[in-house]
Amino acid sequence: MVTATRTPVAASDVPSAIQVISTVDIEDTVAQDLTQILKKDASSIDVIEYPGALSGISIRGFRPEFSGITKHSLVLIDGRPAGATNLSTLLLDNVERIEVLKGPASSLFGAEAVGGVVNIITRRSSGEISGDLSVEGGSFDTINGMARAGGNIVDWLDFDLTFKTRNQNDNIDLGNDHGERPGTTFNINYESLRLGSDLNKDWRLDVKGDWYKGNDIETPGALFYGDIQQSEKDLERYGGDVRLCGKWGKNQSKFVFFASKETSDYFKKYEYNYSIRGYIPTDKYHSYYKETKWWGTQLQNLYRLWGRHDITLGFDYQSIDEESKSYNKDGSRKAPWTPDSNRENWAFFSDTLWRFIDSRFIISAGIRYDYFDVETKRTPYKTDFHPGNETFDTVSPRLGLRLKFTPLFSLHSTFGKAFVPPTAYEMAGYSERLVSGTTMITMGNPDLSPETSWTWDAGITFKDSSKGLNIDLTYFTTSVNHKITRVTVGNITTYENTSEAEMAGLEMEAKCDFGRIFNLHKKIEVFFNGTRLFHSREKIEGSGWTDIHNVSHWKLNYGLNYDDGVFHGRILARYMGKRKDNDWYTPGYPVITYDSFTVVDLTFGATFMEHHNLTLKVNNLFDEYYYEKPEFPLAGRALYLEYRYEF
Numbered sequence: 006m007v008t009a010t011r012t013p014v015a016a017s018d019v020p021s022a023i024q025v026i027s028t029v030d031i032e033d034t035v036a037q038d039l040t041q042i043l044k045k046d047a048s049s050i051d052v053i054e055y056p057g058a059l060s061g062i063s064i065r066g067f068r069p070e071f072s073g074i075t076k077h078s079l080v081l082i083d084g085r086p087a088g089a090t091n092l093s094t095l096l097l098d099n100v101e102r103i104e105v106l107k108g109p110a111s112s113l114f115g116a117e118a119v120g121g122v123v124n125i126i127t128r129r130s131s132g133e134i135s136g137d138l139s140v141e142g143g144s145f146d147t148i149n150g151m152a153r154a155g156g157n158i159v160d161w162l163d164f165d166l167t168f169k170t171r172n173q174n175d176n177i178d179l180g181n182d183h184g185e186r187p188g189t190t191f192n193i194n195y196e197s198l199r200l201g202s203d204l205n206k207d208w209r210l211d212v213k214g215d216w217y218k219g220n221d222i223e224t225p226g227a228l229f230y231g232d233i234q235q236s237e238k239d240l241e242r243y244g245g246d247v248r249l250c251g252k253w254g255k256n257q258s259k260f261v262f263f264a265s266k267e268t269s270d271y272f273k274k275y276e277y278n279y280s281i282r283g284y285i286p287t288d289k290y291h292s293y294y295k296e297t298k299w300w301g302t303q304l305q306n307l308y309r310l311w312g313r314h315d316i317t318l319g320f321d322y323q324s325i326d327e328e329s330k331s332y333n334k335d336g337s338r339k340a341p342w343t344p345d346s347n348r349e350n351w352a353f354f355s356d357t358l359w360r361f362i363d364s365r366f367i368i369s370a371g372i373r374y375d376y377f378d379v380e381t382k383r384t385p386y387k388t389d390f391h392p393g394n395e396t397f398d399t400v401s402p403r404l405g406l407r408l409k410f411t412p413l414f415s416l417h418s419t420f421g422k423a424f425v426p427p428t429a430y431e432m433a434g435y436s437e438r439l440v441s442g443t444t445m446i447t448m449g450n451p452d453l454s455p456e457t458s459w460t461w462d463a464g465i466t467f468k469d470s471s472k473g474l475n476i477d478l479t480y481f482t483t484s485v486n487h488k489i490t491r492v493t494v495g496n497i498t499t500y501e502n503t504s505e506a507e508m509a510g511l512e513m514e515a516k517c518d519f520g521r522i523f524n525l526h527k528k529i530e531v532f533f534n535g536t537r538l539f540h541s542r543e544k545i546e547g548s549g550w551t552d553i554h555n556v557s558h559w560k561l562n563y564g565l566n567y568d569d570g571v572f573h574g575r576i577l578a579r580y581m582g583k584r585k586d587n588d589w590y591t592p593g594y595p596v597i598t599y600d601s602f603t604v605v606d607l608t609f610g611a612t613f614m615e616h617h618n619l620t621l622k623v624n625n626l627f628d629e630y631y632y633e634k635p636e637f638p639l640a641g642r643a644l645y646l647e648y649r650y651e652f
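Quick note on the numbering used here: the sequence shown kicks off at 6 and runs consecutively.
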């Protein structure tokens with residue numbers, strides 16, 4: 006079952022292309038946060054990832070985004086907004102599975118579901134209390150610890166509890182003998198708690214929350230500046246929700262209230278020296294503070310018509326506040342880069358799932374109305390803009406079809422519209438940056454229009470669960486109007502609505518378990534997923550087509566899973582083709598192309614004495630020198646040994 010239609014539905018009934026990352030996938034992948042698991046296990050994912058706990062993603066050819074509240078890929082926790090701008094703060098220890106819905110989903114989830122939706126499904130344990138304890142150590146003086154448990158405390162009350170600590174006490178070594186990268190240590194703690202109760206046989210109440218705290222996270226800065234631009238930051242994110250779900254007659258209703266808060270404190274260890282026209286080290290000082298708060302509610306009701314058709318009606322409300330502060334070296338305040346802002350969103354939606362011919366022909370149709378109010382507020386010390394607000398609204402329709410020719414073979418297709426409003430920074434932001442003695446200015450554009458897009462996809466699925474065989478090929482094409490893009494002329498960068506953008510590609514996914522095919526009583530699974538982008542490009546009025554930056558036209562993940570009940574392991578290779586970006590360290594920010602790479606990971610473990618498990622994890626087995634963002638290379642080969650006790 007998956008939640009692609011906001012209610013649990015059999016994956017075989019969903020017309021959309023959807024990929025599920027299971028608990029086993031999460032445990033056998035060398036990954037600590039959401040970005041890392043997505044880039045290694047899902048197709049159509051592009052990422053920007055920096056050392057120092059900062060990352061973001063995109064789906065189906067849009068540019069990856071690692072900050073801000075308005076993005077082109079929506080991230081949810083159990084169906085509600087995740088409340089995180091930095092995906093490195095979303096850890097995996099309380100996650101049961103991750104659903105990656107690709108393509109148009111604004112009719113269900115709102116204005117950010119342009120490239121797709123990532124829905125993190127957290128654990129919900131019941132029955133006898135069980136759990137596990139683990140300790141892990143390895144490269145870069147890493148020491149990690151984790152404890153979690155879940156089950157019924159009493160008949161009417163169940164819970165899930167997770168504690169995690171991650172500590173990297175030494176700097177990383179870069180791949181291929183490129184040496185140590187100073188300024189890359191961190192300390193991170195994470196906790197989550199869920200309490201749930203079956204109020205009666207039809208109604209259930211769950212309350213849950215989680216807390217992420219990163220202390221003294223070092224950020225090394227760009228290689229261009231050597232070791233001069235080292236900094237530190239403290240990150241904190243906490244949030245949760247209360248949800249009441251139940252059945253009455255032919256109806257299934259859900260009421261959710263959610264809230265979260267994310268804060269970032271940045272500390273510089275360098276300053277600009279005008280006499281030498283360059284950066285020099287200095288004592289650490291508090292330079293910037295950012296706070297983002299979310300709260301909202303979701304109301305929905307599913308009506309089962311004639312025992313086989315689903316009709317869902319619902320209402321969403323969300324409010325997001327952003328506040329930032331900047332400081333001089335002496336501790337005095339100065340104008341922040343962006344104005345304080347608020348974004349409110351009201352939405353009404355309807356989604357239907359029609360099953361015909363014994364559920365062999367399925368039609369999914371939905372529509373959603375969204376209203377946005379984006380406000381820039383008066384901001385202390387920021388006098389280079391005028392506060393104001395803009396409103397936008399849109400209607401997002403969607404149609405999907407799945408035709409099952411046989412129990413094993415089916416066709417699927419969707420067509421839908423999506424919508425993204427401009428951010429407060431894109432409308433009214435202003436910042437200055439010195440590059441080789443030249444003042445580079447980035448400023449907002451108050452005349453921006455919202456982006457709209459139309460996406461069509463169609464695919465073929467062959468699935469035989471008895472043999473562990475699953476193959477899917479999906480072609481997609483997206484057309485974007487009024488796309489918002491950074492435009493640099495001379496020393497001034499601003500945002501404009503490009504005349505158009507378009508993406509098209511082919512997604513491929515295949516799994517084959519030879520253990521099932523040959524009845525070997527063990528798992529020997531070969532897997533592959535990838536995306537070939539035929540184009541991902543944009544065109545500014547009056548100019549030609551240009552490639553969208555930080556997007557690869559080839560993305561491949563492939564490898565082997567093994568499990569015989571005693572020994573288990575995975576070898577996974579990830580290939581990323583060439584990508585383009587601006588050279589942010591040369592005046593004029595010229596466009597550059599950065600290299601492709603292949604990174605291979607390995608896990609191998611053994612279970613002994615029933616409750617004990619010892620696992621070796623190797624990240625970047627062949628010590629590849631690579632980066633997801635130019636000037637910010639990631640770690641070379643790293644080895645970790647984990648001991649786990651399960652009860």
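Every residue, glycine too, gets a C-beta built ideally from N, C-alpha and C.
Note that the structure is predicted; figures quoted are calculated from it, not measured.
If you draw a straight line from the alpha carbon of I576 to that of Y631, how long is it in whole angstroms?
19 Å
Identify every run of the beta strand (DSSP E) within the stretch 298 to 355, keeping only runs that are complete inside it and at least 3 residues long; order them along the chain.
314 to 332
Going by beta-carbon coordinates alone, are P592 and T443 separated by less than 7 Å?
yes
Buried or exposed: where does R85 fall if 16 or more other Cβ atoms within 10 Å of its Cβ makes it buried?
buried
Touching or not, the stretch 373 to 390 and the stretch 331 to 351, by the rule of three or more beta carbon pairs under 8 Å?
yes
Given A110, which residues of its chain have a CB within under 6 Å of its CB, disregarding the five upstream and five downstream residues?
A118 and V122
Among the candidates M513, R491 and R537, whose CA atom is the shortest distance from the CA of T551?
R491
Quick one: residues in its chain with C-beta nearer than 6 Å to the C-beta of F320, no 5 flanking neighbours on either side, listed in chain order?
Cβ contact annotation for F320 (same chain, cutoff 6 Å, sequence separation greater than five): L304 and F353, in chain order.
If you measure between the beta carbons of Y563 and L138, is that distance less than 7 Å?
no
Using the rule of at least 16 other Cβ atoms within 10 Å of the residue's Cβ for burial, across every protein chain shown, is H617 buried or exposed?
exposed
List the endpoints of the continuous alpha helix (DSSP H) containing D30.
Where D30 is concerned, the enclosing alpha helix (DSSP H) stretches over T28 to D33.
Quick one, are the C-beta atoms of P69 and D51 less than 7 Å apart?
yes
I'd like to check one pair, S112 with L59: are the Cβ atoms closer than 7 Å?
No, the Cβ-Cβ distance between L59 and S112 is not below 7 Å.
Please determine, among S131, Q24, L525 and Y293, the residue with the shortest C-alpha to C-alpha distance to E328.
Y293
Can you check DSSP and say which residues form a bridge with L644?
V623
Count Cβ pairs between the stretch 197 to 211 and the stretch 172 to 184 that sit closer than 8 Å; are there 3 or more?
no
What do you get for T34, buried or exposed, if any count of 16 or more other CB atoms within 10 angstroms of its CB means buried?
buried
Around the Cβ of V19, are there at least 16 other Cβ atoms within 10 angstroms (buried) or fewer (exposed)?
buried
Would you mind reading off the limits of the alpha helix (DSSP H) that contains I42?
Counting along the chain, the alpha helix (DSSP H) containing I42 begins and ends at L39 to D46.
Pull up the distance between the alpha-carbon of R642 and that of F627, whole angstroms please.
Looking at the two C-alpha atoms, the distance is approximately 7 Å.
Can you name, in chain order, every residue of its own chain whose Cβ lies under 6 Å from the Cβ of H417, other than the five neighbours on each side?
P20, R407 and G464
Between the Cα of S369 and the Cα atoms of H314, T189 and F262, which residue gives the shortest distance?
Selected option, being the one with the closest Cα: H314.
DSSP has Q24 in a bridge; who is on the other side?
V105
How would you label L307, buried or exposed, when you count the other beta carbons within 10 angstroms and need 16 or more for buried?
buried
Output the distance between the C-alpha atoms of C517 and A152, rounded to the nearest integer angstrom.
33 Å
How long is the line joining the alpha carbons of L39 and K488, rounded to whole angstroms?
27 Å
Report the rounded CA-to-CA distance for K259 versus G231, giving the unit in angstroms.
53 Å
Would you kindly work out how many angstroms separate the C-alpha atoms of N176 and T170, rounded to a whole number?
18 Å
Does the beta-carbon distance from Y594 to T493 come in below 7 Å?
yes
Tell me the rounded alpha-carbon separation between L249 and L240.
31 Å
I think E395 touches M432, with their Cβ atoms under 8 Å apart; what is that distance to the nearest whole Å?
7 Å
Does the pairing of the stretch 567 to 574 with the stretch 419 to 432 give three or more beta-carbon distances under 8 Å?
With a cut-off of 8 Å, the stretch 419 to 432 and the stretch 567 to 574 do not count as touching, because too few Cβ pairs lie within range.
CB-CB under 6 Å to T483, same chain, minus the five flanking residues each way: which ones, in chain order?
S458, T460 and M508
Reducing DSSP to helix, strand and coil, say where K560 ends up.
K560 falls in the strand class under three-state DSSP.
DSSP beta-bridge partners for Q257?
K252 and L307
Quick one: which unbroken alpha helix (DSSP H) runs of 4-plus residues sit fully inside the stretch 462 to 545? Chain order, please.
519 to 522
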